[in-house]
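Participant:
Chains as they are written, first to last, in our numbering: chain Z, 780 to 1091; chain Y, 780 to 1091.
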């Protein structure tokens, strides 16, 4: 029975749930993706939701599960600790929190906190992706992790030295859906990384970050006065916010001095590649976010469940 | 009958309705304030809402009414034109749009547009306040108009030379009410202009505008890691956004080179005064926004209805 799962790996966020059954060699035996994030799973019961998905994956009772993400936050299943940066990513497994649960051992990985008074910051879930990034051989440099709350992380030989979170994705969604700009950006079309309005938005934000909210309003004004197309308005809005993130990363992390890895999945990757190019941040190493979180969970699971592994 | 209204003046915005009955000398005979902005009044019918309020004010049929604000926008009663900046504020009255309506003449003042391809911008309502600012004797300099969409306007001898809109107030409300920051700023307490967290937020935005969205996320991180009080978080959020507006005004309008007038009403004025001080923009001339819009409407009404006035 080489196909018997050695562990279940779960990336459990606010709005999404992903689980993999893997064997002892790390081969993926099955995968589940569902909208059972914290918001949906909380009322149903985290333990019940987990078991439903693991049953569907054919993971037997007793096989341990390792979780990461917001499921370990104050609003999740249990509140797992934060490790304090600077911190080596190898420490994650050893500091996992056990969750009392039947019929299997369940652990959740800690997040990472930057406790400085001047620059407080937190991550939960990204640390596991970073473990995967290191497993892929990117051990020193800057990691750009686009998302609802984008992270820029300084790695030095597998240690998280420091990081900054930018609210890029959340602001984009808020402004797109529910602001004075909504009419001017109302389209279902995807943003093209080649749209000149996107690059223009990035460039303006890099050149004059102080004018961000004025540039945002100009998206509406351009639509009112010049009949600017909503596709172009949406690209400009996205460019402004991603460009401000680039400007912030340059201001905070000496981004020109280090190799950059871009960790993402889906259409956002092309936009960030274009923005990095506009910001003269060259050609980043591209890594797949989904693969990295799985590899990170796998690396931690091997450390954490080593004795169980060898017992099979 | 010295108390007979010469005209009705109406400032009609998206969420608010204010009307004054004034005599030929400009004396206020009565005032109405209601939540009958566009959103509420549209379904009821603009004409009907206007007449209800004017009846309550004792404004007889035949007495003309002059309107300003978003009631003259695409989503309002009629779409009034925009005058193109640079434009003298004396031109507003001559370019008012007549609204077909019984039982009185009704006009709405135009907005002002900046049609430049690079810096498109629009105002509707603020131009009438500016007419009041000029009537108060502030004819040359920068006018700071805090609000949902704050305006910074360059005046030269009563001419609007150019302006910029900042989405400061809208972003503040969105982030406060409906974002990852909401828990960290959940308080009913008013923001104190003396709160060091407010000045700190302003200072950070002035020094490093590119880090805006990172500083915003730090409001949450400071609450999670250091137990920062929500009052302090709210002050920091407000300071970050108002500080970015100050940085933008400095970047765009040579704000240090000109006298500054601060046009506002209510608690926001103290916050802007503090932020202007942190930005080294000295002591602005304070003008009351409510008084200015009334004075602007009055000045325009006198020009527009001159013949009717003299006929009384």
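By construction, the Cβ of each residue, glycine as well, lies at the ideal position given by its N, Cα and C atoms.
1. Counting contacts by CB-CB distance shorter than 7 Å, is residue 993 of chain Z in contact with chain Y?
2. Report the neighbours of residue 958 of chain Z on chain Y: residues whose CB is nearer than 9 Å to its CB, in chain order.
3. Counting Cβ pairs closer than 8 Å, one from the stretch 994–1013 of chain Z and one from the stretch 954–973 of chain Z, do we hit at least three?
4. I believe residue 944 of chain Z touches residue 1017 of chain Y by the beta-carbon criterion, under 8 Å. Please report the beta-carbon distance rounded to the nearest angstrom.
5. Measure the C-alpha to C-alpha separation of residue 1034 of chain Y and residue 933 of chain Y and round it to an integer number of angstroms.
6. Hey, how far is the Cα of residue 879 of chain Y from the Cα of residue 885 of chain Y?
7. Excluding the five sequence neighbours on either side, which residues of its own chain have a C-beta within less than 6 Å of the C-beta of residue 1093 of chain Y, listed in chain order?
8. State the DSSP-derived secondary structure class of residue 793 of chain Z, mapped to helix, strand or coil.
9. So residue 887 of chain Y packs on residue 857 of chain Y, CB below 8 Å; how close in whole Å?
10. To the nearest angstrom, report how far apart residue 787 of chain Z and residue 860 of chain Z are at their CA atoms.
11. If you draw a straight line from the C-alpha of residue 780 of chain Y to the C-alpha of residue 926 of chain Y, how long is it?
12. Are there 16 or more other CB atoms within 10 angstroms of the CB of residue 794 of chain Z, so buried, or fewer, so exposed?
13. Taking the alpha helix (DSSP H) that residue 907 of chain Z falls in, what are its first and last residues?
14. Under the assumption that residue 942 of chain Y contacts residue 896 of chain Y (Cβ atoms under 8 Å), give the Cβ distance between them as a whole number of angstroms.
15. Tell me whether residue 826 of chain Y sits in a helix, a strand or coil according to DSSP, three-state version.
16. Does the beta carbon of residue 1087 of chain Y sit closer than 7 Å to a beta carbon anywhere in chain Z?
17. DSSP on residue 806 of chain Z, reduced to helix/strand/coil?
18. Should residue 812 of chain Y go down as buried or exposed, given a rule of 16 or more other Cβ atoms within 10 Å for buried?
19. For residue 1024 of chain Z, return the contacting residues in chain Y, with the cut-off set at a CB-CB distance below 8 Å.
20. For residue 861 of chain Y, list the residues DSSP reports as bridge partners.
21. Just by C-beta distance, which residues in the stretch 892–921 of chain Y are closer than 8 Å to chain Z?
22. Comparing alpha-carbon positions, which option in Y:957, Y:832 and Y:909 lies nearest residue 871 of chain Y?
23. Could you check what DSSP says for residue 758 of chain Z in three-state terms: helix, strand or coil?
24. Which residues in the same chain have their Cβ closer than 6 Å to the Cβ of residue 841 of chain Y, if we skip the five residues on either side of it in sequence?
25. Between the alpha carbons of residue 826 of chain Z and residue 817 of chain Z, how many angstroms are there, rounded?
26. Do we get a CB-CB distance below 7 Å when we pair residue 971 of chain Z with the residues of chain Y?
27. So, residue 1013 of chain Z versus residue 970 of chain Z, is the Cβ gap smaller than 7 Å?
28. Does the pairing of the stretch 951–959 of chain Y with the stretch 1054–1066 of chain Y give three or more beta-carbon distances under 8 Å?
29. Can you list, in chain order, the residues of its chain with a C-beta nearer than 8 Å to that of residue 782 of chain Y? Leave out the 5 residues immediately preceding and following it.
30. Have a look at residue 974 of chain Y and residue 919 of chain Z and give me their C-alpha separation to the nearest angstrom.
31. How long is the line joining the alpha carbons of residue 1019 of chain Y and residue 983 of chain Z, rounded to whole angstroms?
32. For residue 1019 of chain Y, which residues in chain Z fall below 9 Å Cβ to Cβ?
33. Taking the straight line between their C-alpha atoms, what separation do you get for residue 939 of chain Y and residue 958 of chain Y?
34. Just by C-beta distance, which residues in the stretch 1028–1044 of chain Y are closer than 9 Å to chain Z?
35. Under a CB-based cut-off of 7 Å, is residue 817 of chain Z close to chain Y?
36. What separation, rounded to the nearest whole angstrom, lies between the Cα atoms of residue 924 of chain Y and residue 815 of chain Y?
Facilitator: Walking through what the data contain:
1. Chain Y contact via Cβ: present.
2. Near residue 958 of chain Z (Cβ distances below 9 Å), the residues of chain Y are 946, 949, 950 and 953.
3. Yes: the two stretches touch, three or more of their Cβ pairs being nearer than 8 Å.
4. Rounded, the Cβ-Cβ distance is 20 Å, inconsistent with contact.
5. For residue 1034 of chain Y and residue 933 of chain Y, the distance between alpha carbons rounds to 9 Å.
6. Roughly 7 Å between the two C-alpha positions.
7. Given a span of 780 to 1091 for chain Y in the structure shown, any question on residue 1093 of chain Y remains unanswerable.
8. Residue 793 of chain Z: coil per DSSP, three-state reduction.
9. Taking the Cβ atoms as the reference, residue 887 of chain Y lies roughly 6 Å from residue 857 of chain Y, within the contact range of under 8 Å.
10. For residue 787 of chain Z and residue 860 of chain Z, the distance between alpha carbons rounds to 21 Å.
11. No answer about residue 780 of chain Y holds up, because its pLDDT of 44 lies below 50 and its placement is not dependable.
12. Exposed, by the Cβ-count rule.
13. Looking at the DSSP string, the run of the alpha helix (DSSP H) that includes residue 907 of chain Z is 905–914.
14. The pair is not a contact, with the Cβ atoms about 16 Å apart (cut-off 8 Å).
15. Helix.
16. Caution applies to residue 1087 of chain Y, whose pLDDT of 48 falls short of 50 and renders its modelled position unreliable; the value that the coordinates give is listed next. With a threshold of 7 Å between beta carbons, residue 1087 of chain Y makes no contact with chain Z.
17. In the structure shown, residue 806 of chain Z sits in coil (DSSP, three-state: anything other than H, G, I, E or B).
18. Residue 812 of chain Y is classed as exposed because its beta carbon has fewer than 16 other beta carbons within 10 Å across all chains shown.
19. Chain-order list of chain Y residues neighbouring residue 1024 of chain Z: 992, by C-beta distance under 8 Å.
20. Residue pairing for residue 861 of chain Y: DSSP places it in a beta bridge opposite Y:890.
21. Taking 8 Å as the Cβ-Cβ cut-off against chain Z, the residues of the stretch 892–921 of chain Y that qualify are 892, 893, 894, 896, 898, 899, 900 and 901.
22. If we check each option's Cα against that of residue 871 of chain Y, Y:909 comes out closest.
23. The question about residue 758 of chain Z has no answer here: the residues shown for chain Z are numbered 780 through 1091.
24. Cβ within range, chain order: 883.
25. Whole-angstrom Cα-Cα distance: 12 Å.
26. Not closer than 7 Å to any Cβ of chain Y, the Cβ of residue 971 of chain Z fails to qualify, so no.
27. Contact: yes.
28. No: the two stretches stay apart, fewer than three of their Cβ pairs being nearer than 8 Å.
29. These residues qualify, in order along the chain: 802 and 808.
30. Roughly 40 Å separates the two Cα atoms.
31. Rounded to whole angstroms, the gap between the alpha carbons of residue 1019 of chain Y and residue 983 of chain Z is 20 Å.
32. None at all; the shortest Cβ gap to chain Z is about 11 Å.
33. Distance between the alpha carbons of residue 939 of chain Y and residue 958 of chain Y is about 37 Å.
34. So the list reads 1028, 1029, 1030 and 1031, given in the order they occur along the chain.
35. By this cut-off, residue 817 of chain Z is not an interface position.
36. Cα to Cα, residue 924 of chain Y sits roughly 23 Å from residue 815 of chain Y.
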